[in-house]
Amino acid sequence: MTENERQRPAETSSFIARIPAAVGGSVITVLRHSAGLTLLTFRTVVAIARPRRYYRALMTQMYDMGIGSIPVVVLVAALAGAVTSQQSGYQFTGTVPIWVIGSVVAASVLTELGPLVTALVLVGRIGARIGAELGTMVVTEQVDALRAVGRDPVEQLVVPRVLAGTLMLPPLVVLADFVGIAAGWFGALLTLPITSAEFIYGVRTYFHDFALWFGLIKAAVFGATITFIGCYVGLRATGGAEGVGRTTTSVVVSGTVAIMFWDAVLARLLKAFG
Amino acid sequence: MIEIKGLSKSFGDNVVLDDVSFSVKEGGTLALFGPSGTGKSVLLKHIVGLIEPDVGDVVVDGVSITTANRRQLNQVRQRVGYVFQGAALFDSLSVGENIQLGMDVDGCRLKKQECEERITECLNLVNLHPSVADLYPIELSGGMQKRVAIARAFAGHQNYLLYDEPTTGLDPENAFIITNLIEHLSEELGVTSIMVTHDLDNAFLVADRIALLYEGKIRFKGPVDDFRESEDPIVRRFVSPSVETINAA
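One line per chain: the protein sequences are A and B, in this order. Just so we're aligned: 169 in the working numbering is position 142 of the first sequence, and the numbers increase by one with no gaps anywhere. Just so we're aligned: 22 in the working numbering is position 17 of the second sequence, and the numbers increase by one with no gaps anywhere.
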């Protein structure tokens, strides 16, 4: 028996022995985060009842998240709308009536692309910023300083950000919807054998109020999710610059996963009600 | 009065504080001295409830920090100003707004005029020009940031001031300015100060009492002169480090 063959059973048994510990560790991590998220949710909901203490911060955050995000949201929505009309034109020309392109663009933008693309862009722009900002405040003891002067960090930092995200994402999505459909329309007119009347007919054929509400409800949920994850992960930052870097990455990854998760869940839920 | 009662704190297997007990009566300045990493800052954070002890209690003016509800804890925090090691000023707020935060839990309840006057008064006490109120922390030098942090700590007429390594990271000139400022404020405002430091010269300059935290326990507590003359070999090691080092060699 060679040396390698003698070592293999021991390595295998060692690997098997580590499995329960690894599984146990993962379960504990999941439980710890679940408890942390539940507690932060509870404290956030309780703190919302005291608007006098955070309204100034709320206004600042709403301006930053809303007005500050307009350029990137417009750009990405325009590209998404134009690409959708181009792709559907490529797929449908000669197979289905050309006005269907208008329906496809409206359906895609209102129910999926508008809310989802806006949310994914804002995970990077807002979620990462919140994570880095709060993470830096934690590692430079600014959060401790807030507590030391008798202020509640949830009230001062979390509530204004989560409320601002929840309130500002729906109007941004309305803007994204408008720009996306308009860009799809112009893109189609420039490159496809379709008239404005045909495109508008397609849009009006698909459009119903619920599609808009569907997108807005998703937008509010996405806005709350992005900002809440940014705050939760940011407030748990440890270490120095490296810790803040890890926090930012963690916010973007977990925020993206959470958005996709909510997108799948809400699609089922809202369609059941719609 | 601040009473530390049998305080113990561990982080994982690392025992930082081990059954620490002492009290700080009103008036004067106590230097909490000890080598780096012995838990001085951890002890200071227990006083305002920023860290919860594993065992023991901290009582500030009769209020137990470990059992206090949120309102009681905030009342204690209004009486205790805390100067953080890195100043910990809020980047997004101006100097004036930072100082205003220290005035009241619900913000400045004073009229705008009175509020501005108090900010100017606080800036004057830390030898900064009132125009600094409109600047942001990033526009200030390290020494100026420390002074603003001190102004924030006493802006609400606090009874106690806790300084966590107030001269760390400063050049000798700024460290001297801050040291003098702490001494001056202690006399001018009549507050009780606890200053964490690992700089014995600084402690001798400012404090009238010294507590030595060594290996998680209070090894010495008493007047500065008693500390200088102590025969305890551990105390001697800090009072005359060079002589002890030579003897040990």
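Just so you know, even glycine gets a beta-carbon here, dropped at the ideal spot from N, CA and C.
Beta-carbon gap between residue i and residue j smaller than 8 Å
i	j	result
Ala264(A)	Val165(A)	yes
Glu147(B)	Asn103(B)	Checking the sequence shown, residue 147(B) turns out to be Gly, not Glu. Not a contact, by the Cβ cut-off of 8 Å.
Ile70(B)	Gly54(B)	yes
Phe249(A)	Leu196(A)	yes
Ser99(B)	Ala158(B)	no
Val132(A)	Ala203(A)	no
Phe243(B)	Leu205(B)	yes
Ser135(A)	Thr111(A)	yes
Val88(B)	Asp213(B)	no
Leu12(B)	Val81(B)	no
Ile52(B)	Leu166(B)	no
Ala156(B)	Leu194(B)	no
Gly67(B)	Met108(B)	no
Gly211(A)	Ala109(A)	yes
Thr275(A)	Gly121(A)	no
Gly91(B)	Glu182(A)	no
Straight-line gap, residue i to residue j (C-alpha atoms, nearest Å)
i	j	result
Leu149(A)	Val278(A)	11 Å
Ser46(B)	Tyr141(B)	27 Å
Ile239(B)	Ala216(B)	13 Å
Leu147(A)	Asp24(B)	51 Å
Ala291(A)	Ala285(A)	10 Å
Arg70(A)	Arg188(A)	14 Å
Ala154(B)	Leu48(B)	20 Å
Val186(A)	Gly116(A)	45 Å
Leu219(A)	Leu243(A)	30 Å
Met6(B)	Asn132(B)	29 Å
Val201(A)	Ile208(A)	11 Å
Phe5(B)	Leu145(B)	Because chain B in this structure spans residues 6 to 254, residue 5(B) falls outside the shown range and cannot be described.
Val73(A)	Ala251(A)	16 Å
Phe226(A)	Ile253(A)	34 Å
Phe16(B)	Phe241(A)	48 Å
Lys222(B)	Leu210(B)	24 Å
Ala93(B)	Ile199(B)	18 Å
Leu297(A)	Leu78(B)	45 Å
Ala7(A)	Glu122(B)	Here chain A has residues from 28 to 301 only, and residue 7(A) is not among them.
Gly61(B)	Thr145(A)	51 Å
Ile182(B)	Gln88(A)	38 Å
Thr250(B)	Asp237(B)	With a pLDDT of 48 at Thr250(B), under the threshold of 50, the modelled position of this residue cannot be trusted; read the value that follows with caution. Their Cα atoms are separated by approximately 15 Å.
Val123(A)	Val230(A)	15 Å
Gly177(A)	Arg76(B)	9 Å
Leu22(B)	Val65(B)	19 Å
Lys245(A)	Pro142(A)	7 Å
His235(A)	Ala299(A)	16 Å
Asn207(B)	Thr184(B)	7 Å
Val201(B)	Leu102(A)	53 Å
Lys30(B)	Arg84(B)	14 Å
Met149(B)	Asp176(B)	12 Å
Cβ separation of residue i and residue j, assumed to be a contact under 8 Å, to the nearest whole Å
i	j	result
Gly261(A)	Leu140(A)	Actually they are not in contact, since the Cβ atoms of Gly261(A) and Leu140(A) sit about 29 Å apart, beyond 8 Å.
Asp59(B)	Lys14(B)	5 Å
Gly192(A)	Ile256(A)	Going by Cβ atoms, the distance from Gly192(A) to Ile256(A) rounds to 10 Å, so no, they are not a contact pair.
Ser235(B)	Thr34(B)	That belief does not hold up - the Cβ atoms of Ser235(B) and Thr34(B) are roughly 19 Å apart, past 8 Å.
Leu199(A)	Ser96(A)	6 Å
Ala238(A)	Leu137(A)	4 Å
Phe38(B)	His203(B)	7 Å
Where residue i meets chain A, residues with beta-carbon distance less than 7 Å
i	result
Arg82(B)	Ala175, Val176 and Gly177
Gly91(B)	Thr167 and Glu168
Gly107(B)	Val176
Leu55(B)	Asp171, Arg174 and Ala175
Tyr168(B)	Residues of chain A passing the Cβ test: none, with the nearest at roughly 12 Å.
Neighbour list for residue i in chain B, Cβ cutoff strictly below 9 Å
i	result
Ala76(A)	Per Cβ cutoff of 9 Å: no residues; Ala76(A) is ~14 Å from chain B at best.
Asp236(A)	Ordered by position in chain B, no residue passes the 9 Å Cβ test against Asp236(A), which lies about 40 Å from the chain.
Beta-carbon neighbours of residue i, restricted to chain A and to distances below 9 Å
i	result
Val131(B)	Here the premise fails: no neighbours, minimum Cβ distance about 17 Å.
Phe95(B)	Met164, Gln169, Ala172 and Leu173
DSSP beta-bridge partners of residue i
i	result
Glu8(B)	Ser28(B) and Val64(B)
Val85(B)	Tyr165(B)
Pro228(B)	Arg214(B)
Asn19(B)	Phe16(B)
Lys222(B)	Tyr219(B)
Ser69(B)	Val64(B)
Val201(B)	Leu37(B) and Asp169(B)
Chain-ordered neighbours of residue i on chain A, where CB pairs are closer than 8 Å
i	result
Asn19(B)	Under the 8 Å cutoff, chain A gives no residues; its nearest Cβ is about 15 Å from Asn19(B).
Tyr219(B)	Residues of chain A passing the Cβ test: none, with the nearest at roughly 25 Å.
Tyr165(B)	In chain order: nothing, as chain A lies at least about 12 Å away.
Asn292(B)	Nothing about residue 292(B) can be reported from this structure: the residues present for chain B run from 6 to 254 only.
Tyr141(B)	What Tyr141(B) touches in chain A: nothing, since even the nearest Cβ is about 14 Å away.
Cutoff 8 Å: residue i Cβ touching any chain E Cβ
i	result
Thr232(A)	No chain E appears in this structure, whose protein chains are A and B.
Contact test: residue i Cβ vs the ligand ADP heavy atom, cutoff 7 Å
i	result
Val64(B)	Although the ligand ADP was asked about, the structure shown includes no ligands whatsoever.
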